[in-house]
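Notes for the one structure printed next.
Number of protein chains: 2
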Amino acid sequence: MNAAHGSLPAGDGLPDGRRRAVIESVRPEVDCGRFAAKRVVGEWVVVEADIFTDGHDRLGAVVRHRPAGEAAWTETPMEPLVNDRWRGRFRVETIGRYEYTVAAWVDRFLSFRHDLSRREDPGDIAIALLVGAELAEHAAARARGDDAAELAAIGRRLAGDEPLECRLELALSERLLALMRQYPDRSLETHYDKVLPVVVDRERARFSAWYEFFPRSTAEGGERHGTFESARKRLPYIAGLGFDVVYLPPIHPIGRTKRKGANNSLEPGEDEPGSPWAIGAEEGGHKDVHPELGTLEEFRKLSVEARRLGLEIALDIAFQCSPDHPYLESHPQWFRRRPDGSIQHAENPPKKYEDIVPFDFETDDWQSLWRELESVLEFWIGQGVAIFRVDNPHTKPFAFWEWVIGQVKRRHPETIFLSEAFSRPRVMHRLAKLGFTQSYTYFTWRNTKHELTSYLTELTTHDSREYFRPNLWPNTPDILHEYLQHGGRPAFMCRLVLAATLAASYGIYGPAFELVENRAREPGSEEYLDSEKYQLRRWNLDAPHSLAGLIARVNRIRRENPALQSDWSLRFHSVDNEQLICYSKSTEDLGNIVVVIVNLDPHHVQSGHVELPLDELGLDAAQPYQLHDLLSGARYLWHGPRNYVALDPHRSPAHVFRLRRRVATERDFDYYM
Amino acid sequence: MNAAHGSLPAGDGLPDGRRRAVIESVRPEVDCGRFAAKRVVGEWVVVEADIFTDGHDRLGAVVRHRPAGEAAWTETPMEPLVNDRWRGRFRVETIGRYEYTVAAWVDRFLSFRHDLSRREDPGDIAIALLVGAELAEHAAARARGDDAAELAAIGRRLAGDEPLECRLELALSERLLALMRQYPDRSLETHYDKVLPVVVDRERARFSAWYEFFPRSTAEGGERHGTFESARKRLPYIAGLGFDVVYLPPIHPIGRTKRKGANNSLEPGEDEPGSPWAIGAEEGGHKDVHPELGTLEEFRKLSVEARRLGLEIALDIAFQCSPDHPYLESHPQWFRRRPDGSIQHAENPPKKYEDIVPFDFETDDWQSLWRELESVLEFWIGQGVAIFRVDNPHTKPFAFWEWVIGQVKRRHPETIFLSEAFSRPRVMHRLAKLGFTQSYTYFTWRNTKHELTSYLTELTTHDSREYFRPNLWPNTPDILHEYLQHGGRPAFMCRLVLAATLAASYGIYGPAFELVENRAREPGSEEYLDSEKYQLRRWNLDAPHSLAGLIARVNRIRRENPALQSDWSLRFHSVDNEQLICYSKSTEDLGNIVVVIVNLDPHHVQSGHVELPLDELGLDAAQPYQLHDLLSGARYLWHGPRNYVALDPHRSPAHVFRLRRRVATERDFDYYM
């Protein structure tokens, strides 16, 4: 019997044949472990695996985990579910990378115990007890302190001369089970063949509300061009709306060659400001600020003030140049020249973007290009920036992003990267896998109930949720969807509520959004008329039709309801009206449940019956429950799964209910939790 | 421009950053390439992958494949489907192992051509043509023979002084496209990060009809115990039934200690023969034959005669011993002893199997045990056996099977292993993945329409079909399902047709099956009364109720209809009666389509309307089509998707239709193919 505990001689060509446990299909596992799953600090990593062995022996299994770079594993036990599936979990406590894997072993004591409890023949029981005695004895040798003595004593008693019934009871006792579980024989354990990575971000990676605005449009009074200074004065307004990330389009010097004019004109007037994405002029490039906005010093002041208000600046990273960018002189080898000697501007024939020159990532000098772009990120991190919204990452090589994000996050693991890739599914997913913290989504174009339901179900339930964190934007400076163009103020309210409650991260481009800016440049176009991309705008923040109040309320609801601060609990519920959508989010313990119902029709009152899964929501079908509308303050008492709703888009196109269960008797004053 | 074609300097810590193509999600891929997909000689391996790059450049991609061990890859082109999914395929021509992987590259010529076809500005076109000239020139350097000269000439013309329209036409010509496709610039290509294995078996691995019988029950006239000689006389009968594999339970000496008697009795009479699975006695062990069956020489004669009749012997491999097996003396270290010194017999408390002693695969001497068991397989291969039906593989370590099957198939790649693991899904799948050629299934217990539909859909459409080849058995010596116990002759007919037409491989345990042996040992048991496992039986093959005629006909239908010779085309079709099941199988070109309808109710006539997907079956909805019942010979003319059927289980519980499409006009005599 002792033999099985011995060391393993290496076979001549044979595998280590006595390790009998099998571990398969570990989840989460992204592309066979090539990429990391994502979590934020304090979250659980729930690890599942198929674990089994030959015959009918019993198994033990653990999840092994550690912060990357540490040598020692921490272990947490796994428990069997059904059908050979096991589950364990561990909590990630610090920002950075973790690793995890699974170990399992055939547990002779558990097998012995299982068999013993079923034995009928007293002769067999007597012999089995001797086996148990041996197992306890061996465990005693592995045990520490008092446990060792106790196990040795139990071993002696099992093999001793007490009556069979006593020894059987002892062998099957919970006490022995507990001791043996503490000191299993793992000499023949199996390790899963991969060590899997998880990237742990700070909480804002999962839960964030973004507000994009153009600093140059914040001029007050007689000024023409806004500055970091005037932008700083805008911050309390944005903080008041309840956002936590303030995202600025590029703040660098803007090229003059082929500069675009208002409404994308190719013949701009002398004093038109140009697109901020045409980066670089004689005043500098990606590490410089546009002189009209102010100085680096003033930018830092803006950043400090933002942090004081609970806001954080996100900078736009657009790795492209205007024809006037200093790089074109200092590093001409980073750009492609055409056979006629002219520089290759950006294009997607027949479209031309002559104010933009892309880097040639196939240049022989690609290594110095990569390092320079890395230094751009490092530069802004040095200025206090920890969030980057990356412009069109899908037009630069995937390998570059994986490398540069890896480099930056190794040194600054708190950095957050938002991928602005409005591209094909595989492309967006690859960017998320290789390291982008959050991703823009197709939400901007998903407006019907069917579209929203299927897309958000995909985002929140498919395996891709392990790495793809959605950030929902109803509008951007590039996209004014026709639903917003034609739906009036109710359409904006509807989309705001959807974005803010369907996903834990969302953003708006303001003040265009809250001021219901819905004029397109031409019919059929998603471009804004008089887009801020090409001209300065002045916004009347005090306009009576502003949605500021609603936005502030929705953001407060998000902060007060943890159910809205993560994505995976999202469930859609049936409503018998295609214009009404209903869904819920909840915390794991069901302590906080939010039920949202939105009228997708911005023109007409819509009504219908909502069907809630009472069981899943922890509700007693025999008891009424309260729905507290956190938007209007109204409270409704519902009974059973099926209840009637009606929503007038001109008053409020949505209910955002906190579900309050009956927790005491009706004699209590406040009897809903 | 030349730069991009240069060699790649290794970066200091940087990845090879200019390889821009991405390859993901290659299929087939079993457990990240840990296990092989399975094919038989002559089949295609259809390889799919997600392939894309940054930006809007065009790509080229190939499947690379080779017999394992060869250095050179063969390549076949991949074509894009939708959504960045690409597909290519290759045919496997010889038995053994193949490898495959995927390569992809950004194709500058294809990108150039795509852009050029969309350019509008003549100035841009003129410059682009110079780029095209360069690309052609570089391709000329890669090209061979006349192609090189032609490409060089085209290059010169593109940069020459012919009118722009002429040069544009040349640049976009199919001729240039064909040439450039032949000589792409692959200097910056990406290779998928895994090389994936495929095991190629002979055709019988995919398409086989098995007949199991006990040689000892073939005695004629005055003999008591059948012999290899009497079994040999049974072979023409089995060949006449149309089977191709004859599977024999163990043929080794049978232990005497704790021998089981008739009906599993623990107190057998002196002359009872015992279970063939209690292997080993003083006459020998796993490499010896039971003296009462005859000699090894006579076994070889049996095997030769089988091959002459188009049959092949499958031997039972049961790696376990009777207490009398010579191994217990020669290698006592391979068995576990209990603390009282007694040998550990097989058990699953409270059940005991005292006539069986399992090997202790955790023995220190496991390596010599593995090698000895390997030598058992080699011994029988030496006797002409190429098919093994492995008894209870799930009670021996997975690592052992992976090793031993790998060893044997490296030397004898024609060997087929059938896994008799009636166990949990993960366990059965692991055995299939690690190398078993075919697997027993849950079919034996799947009797209702819902059960059959969902289970066979899983077997034939899920990813597991890449490695799990089902073999359907309506009965075995261990399992007489209650459906057969109570359904009479129609139940046997029904299950025969289902097994033989749902899967390309099936088997029966005869003559019990064709003689409708349906007496269970006791109510609620699946064991046969007077089971051949424990006693000799005599069977009257000429009994009038024998299903021999039906079986012979069904096996002939299988041989004549290639649709029934593989599994992946299986599709179930709607019938508005839960007792009627309808499905079809077809060849890839739809040249052979078989539609099967079975009445699952063995007692009553059942009728209903069958709904066929005319489109999928290549049928013209406006034309009638003929269903030729290959069982009865009757022909039916059907119109449209919905048609009526009625089946009387006492006459024939099934239609096995060959679908014949109209291929000419009604003036032709035989106008259905």
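So the sequences go chain by chain: A and B.
First residue of the first sequence: 1, per the working numbering; consecutive thereafter.
First residue of the second sequence: 674, per the working numbering; consecutive thereafter.
We put the CB at the ideal spot given by N, CA and C, even for glycine.
Note to self: Closer than 8 Å is the cut-off here; do at least three beta carbon pairs connect the segment 425-439 of chain A with the segment 215-224 of chain A?
What the structure shows: no
Note to self: Give the list of continuous beta strand (DSSP E) stretches no shorter than 3 residues that lie fully inside the segment 213-263 of chain A.
What the structure shows: 245-248
Note to self: According to DSSP, simplified to helix, strand and coil, what is B/G733?
What the structure shows: What you label residue 733 of chain B is simply residue 60 of the second sequence in a count that begins at 1. It is a strand residue.
Check: Rounded to a whole number of angstroms, what is the C-alpha to C-alpha distance between A/A159 and A/P562?
Finding: For the purposes of this step, residue 159 of chain A is taken as the residue at position 159 of the first sequence. For the purposes of this step, residue 562 of chain A is taken as the residue at position 562 of the first sequence. Taking the straight line joining both Cα atoms gives about 56 Å.
Notebook entry, point to check: Once you ignore the five residues that flank B/D1033 on each side, which residues in its own chain have a CB closer than 7 Å to its CB?
Noted result: The residue given as residue 1033 of chain B occupies position 360 in the second sequence. These residues qualify, in order along the chain: W1007, F1008 and R1009.
Item checked: Residue-level contact to chain A via CB, B/K1082, 7 Å cutoff -> Within the second sequence, the letter at position 409 stands for residue 1082 of chain B. So, not an interface residue.
Check: How about A/F214: is its C-beta nearer than 7 Å to some C-beta of chain B?
Finding: On the first sequence, residue 214 of chain A is found 214 positions in, with the first residue counted as 1. False, the Cβ-Cβ gap to chain B never drops below 7 Å.
Notebook entry, point to check: Is the number of C-beta pairs between the segment 172-190 of chain A and the segment 112-121 of chain A that are closer than 8 Å three or more?
Noted result: yes
Margin query: With a threshold of 7 Å between beta-carbons, can A/W277 be considered close to chain B, or not?
Written below: On the first sequence, residue 277 of chain A is found 277 positions in, with the first residue counted as 1. Closer than 7 Å: no.
Checklist line | Helix, strand or coil at B/G690 according to DSSP, with G and I counted as helix | finding: Position 17 of the second sequence holds residue 690 of chain B. B/G690: coil per DSSP, three-state reduction.
Notebook entry, point to check: Should B/E1184 be labelled buried (16 or more other beta-carbon atoms within 10 Å of its own) or exposed?
Noted result: One-based indexing of the second sequence puts residue 1184 of chain B at position 511. The displayed chain sequence assigns Pro, not Glu, to residue 1184 of chain B. Its Cβ being crowded by 16 or more others within 10 Å, B/P1184 is buried.
Next item on the list: Give the C-beta separation of A/V62 and A/P80 to the nearest angstrom, bearing in mind that I take them to be a contact with Cβ-Cβ under 8 Å.
Entry: Position 62 of the first sequence, counting from 1, holds the residue named residue 62 of chain A. Position 80 of the first sequence, counting from 1, holds the residue named residue 80 of chain A. Incorrect: roughly 13 Å between the Cβ atoms, too far for contact.
Next item on the list: For B/W1039, decide whether its Cβ has a neighbour in chain A, counting only Cβ atoms nearer than 7 Å.
Entry: Against the second sequence, residue 1039 of chain B aligns to sequence position 366. Yes, because at least one Cβ of chain A sits closer than 7 Å to the Cβ of B/W1039.
Next item on the list: Give me the Cα-Cα distance between A/D668 and A/D620, rounded to the nearest whole angstrom.
Entry: Within the first sequence, the letter at position 668 stands for residue 668 of chain A. Within the first sequence, the letter at position 620 stands for residue 620 of chain A. Annotation note: pLDDT 46 at A/D668 (below 50); position unreliable, coordinate value reported separately. Straight-line Cα distance between these residues: approximately 18 Å.
Item checked: Residues near B/D1038 in its chain [Cβ-Cβ closer than 7 Å; skip 5 each side] -> By 1-based counting over the second sequence, the position of residue 1038 of chain B is 365. Same-chain partners within the cutoff: Q1006 and W1007.
Next item on the list: Just the chain B side, please: which residues come within less than 7 Å of A/I127 by C-beta, in chain order?
Entry: For the purposes of this step, residue 127 of chain A is taken as the residue at position 127 of the first sequence. Near A/I127 (Cβ distances below 7 Å), the residues of chain B are R1011, P1012 and D1013.
Item checked: Where A/Y746 falls: helix, strand or coil (DSSP) -> The displayed coordinates of chain A run from 1 to 673. Any statement about residue 746 of chain A would go beyond what the structure contains.
Next item on the list: Taking all protein chains shown into account, decide if A/Y677 is buried (16 or more other Cβ within 10 angstroms of its Cβ) or exposed.
Entry: No statement about residue 677 of chain A is possible, as the shown extent of chain A runs from 1 to 673 and does not include it.
Check: Is the distance from the Cβ of B/F901 to the Cβ of B/G967 below 7 Å?
Finding: Taking the second sequence and counting its residues from 1, one reaches residue 901 of chain B at position 228. Taking the second sequence and counting its residues from 1, one reaches residue 967 of chain B at position 294. With respect to the 7 Å criterion, B/F901 and B/G967 are classified as neighbours on the basis of their beta carbons.
Next item on the list: Answer yes or no: do B/V918 and B/I768 have a C-beta to C-beta separation smaller than 7 Å?
Entry: Counting from one through the second sequence, the residue named residue 918 of chain B turns up at place 245. Counting from one through the second sequence, the residue named residue 768 of chain B turns up at place 95. Not a contact, by the Cβ cut-off of 7 Å.
Notebook entry, point to check: Along the chain, where does the alpha helix (DSSP H) that runs through A/E305 open and close?
Noted result: Along the first sequence, read from residue 1 onward, the residue named residue 305 of chain A stands at position 305. Start and end: L296 to R308.
Next item on the list: Mind checking the segment 927-944 of chain B against chain A and listing, in chain order, the residues whose C-beta falls within less than 9 Å of any C-beta there?
Entry: Only those residues of the segment 927-944 of chain B whose C-beta falls short of 9 Å from the nearest C-beta of chain A would be listed, and there are none.
Notebook entry, point to check: Under 7 Å, do B/W883 and B/Y920 count as touching if we go by C-beta distance?
Noted result: Translated into the one-based positions of the second sequence, residue 883 of chain B becomes position 210. Translated into the one-based positions of the second sequence, residue 920 of chain B becomes position 247. For B/W883 and B/Y920, yes; Cβs fall inside 7 Å.
Notebook entry, point to check: Under a CB-based cut-off of 7 Å, is A/V304 close to chain B?
Noted result: As a position in the first sequence, residue 304 of chain A is number 304, starting the count at 1. No Cβ of chain B is located within less than 7 Å of the beta carbon of A/V304.
Margin query: Nearest by alpha-carbon distance to B/P1066: which of B/E1093, B/A745 and B/P1147 is it?
Written below: Counting from one through the second sequence, the residue named residue 1066 of chain B turns up at place 393. Looking at the Cα atoms, B/E1093 is the closest of the given residues.
Item checked: Runs of beta strand (DSSP E) wholly within the segment 377-420 of chain A (minimum 3 residues, chain order) -> 387-391 and 416-420
Margin query: Less than 7 Å between the beta carbons of B/C1167 and B/V1049, yes or no?
Written below: For the purposes of this step, residue 1167 of chain B is identified with residue 494 of the second sequence, where counting begins at 1. For the purposes of this step, residue 1049 of chain B is identified with residue 376 of the second sequence, where counting begins at 1. No, they are not a contact pair.
Item checked: Enclosing alpha helix (DSSP H) for A/T476 [first to last residue] -> Mapped onto the first sequence, residue 476 of chain A falls at position 476. A/T476 -> no alpha helix (DSSP H), and no H or E assigned at all.
Next item on the list: Could you check what DSSP says for B/N1021 in three-state terms: helix, strand or coil?
Entry: Indexing the second sequence from 1 puts residue 1021 of chain B at position 348. Note: B/N1021 maps to strand in three-state DSSP.
Notebook entry, point to check: Is there at least one Cβ from chain B nearer than 7 Å to A/N392's Cβ?
Noted result: Position 392 of the first sequence, counted from the start, is the residue given in the question as residue 392 of chain A. So, not an interface residue.
Margin query: Less than 8 Å between C-beta atoms, sequence neighbours within five positions excluded: which residues of the same chain meet that for A/I508?
Written below: Stepping through the first sequence from its first residue, residue 508 of chain A is reached at position 508. W210, Y211, E212, W473, P474, N475, L496, A499, E514 and I551.
Check: Taking the C-alpha atoms as reference points, what is the distance between A/H56 and B/F708?
Finding: By one-based count along the first sequence, residue 56 of chain A stands at place 56. By one-based count along the second sequence, residue 708 of chain B stands at place 35. If you take the alpha carbons of A/H56 and B/F708, they lie about 24 Å apart.
Notebook entry, point to check: Quick one: does A/E527 have its CB under 7 Å from some CB of chain B?
Noted result: For the purposes of this step, residue 527 of chain A is taken as residue 527 along the first sequence, with counting starting at 1. No Cβ of chain B is located within less than 7 Å of the beta carbon of A/E527.
Notebook entry, point to check: Can you tell which of A/L452, A/S454, A/K433 and A/S423 has its C-alpha closest to the C-alpha of A/Y440?
Noted result: Walking along the first sequence from the start, residue 440 of chain A turns up at place 440. Here the closest residue by C-alpha is A/S423.
Next item on the list: Please name the residue in A/P184, A/R556, A/N83 and A/R651 whose C-alpha comes closest to that of A/H603.
Entry: Here residue 603 of chain A refers to the residue found at position 603 of the first sequence. Distances from the alpha-carbon of A/H603 to those of A/P184, A/R556, A/N83 and A/R651 put A/R651 closest.
Note to self: Quick check: the Cα distance between B/R1194 and B/Y1201, rounded to an integer number of angstroms?
What the structure shows: As a position in the second sequence, residue 1194 of chain B is number 521, starting the count at 1. As a position in the second sequence, residue 1201 of chain B is number 528, starting the count at 1. Approximately 5 Å between the Cα atoms of the pair.
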